[in-house]
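Read through the structure below, which is laid out as structure tokens, and then see the notes.
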Amino acid sequence: MKAFVTKLMGESRYWWVVLLVGILMVVSGFAYWFWPVQGYAVASQIFGWLLILAGIVQLLASSGRNRGKGWGWWLAGGVIDLFIGFLMVRSVVMSEAIFPYFMALIFMFWGVNALCSAVQNNTYRYWWLQLINGILLTLVGFFFIETGWVQDMAMTSFLVSLAFIYWGFTLASASYLMRPSLRS
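Residues in the sequence shown are numbered consecutively from 7, following the working numbering.
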């Protein structure tokens, strides 16, 4: 699995920042799970700031000297995350109204990214884990489109908390594999 993630994302000395973002997303997901009523407006703002942070991390990972084969995905994802993050932080009313659609766009992008990388790297031993990750992320994106259509804030709150937790654990595990090898 280390070879798969290293070839896809590359080793980076900023692996600890990816780990920090993952931990923050897990904590935010559990906080939102336990306080959904107070959290809809706050979650859209927190998610906006986390998207800005995640975008910066992705831009750093794509600009590193030891960037992997898929650095273009990191660059595109970073630009998209920064753009959507700044839009959501700018206006609370706008972010509440279009929060499910932004979530759908983000998760569908990451799902397609994971599906493409799994198909491209199907010679690796655990390529199917990336395929399952892509299917789950795309499915969560479709669920967000559905909740946005019916404007069901309770379902959106539930999906946001699960998405934060899932995405946080995914980033944390990927960061561990991004650590540069210690050479004697």
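In this text, a Cβ means the ideal position worked out from N, Cα and C, and glycines have one as well.
- A60 and F92 have their C-alpha atoms some 12 Å from each other.
- In the displayed model, N119 falls within a helix according to three-state DSSP.
- Taking 9 Å as the cut-off, the Cβ atoms of A49 and S34 count as close.
- It is roughly 21 Å from the alpha-carbon of F175 to the alpha-carbon of P106.
- Taking 9 Å as the cut-off, the Cβ atoms of G84 and I62 count as close.
- In the three-state scheme derived from DSSP, where H, G and I count as helix and E and B as strand, P186 is classed as coil.
- A straight line joining the alpha-carbon of A110 with that of V118 spans about 12 Å.
- Per DSSP, R131 is not a residue of any alpha helix (DSSP H), being assigned neither H nor E.
- Between the C-alpha atoms of G54 and I141 there is a straight-line separation of about 24 Å.
- Straight-line measurement puts the Cα of L177 at about 10 Å from the Cα of L183.
- Per DSSP, the unbroken alpha helix (DSSP H) holding G78 starts and ends at W77 to R96.
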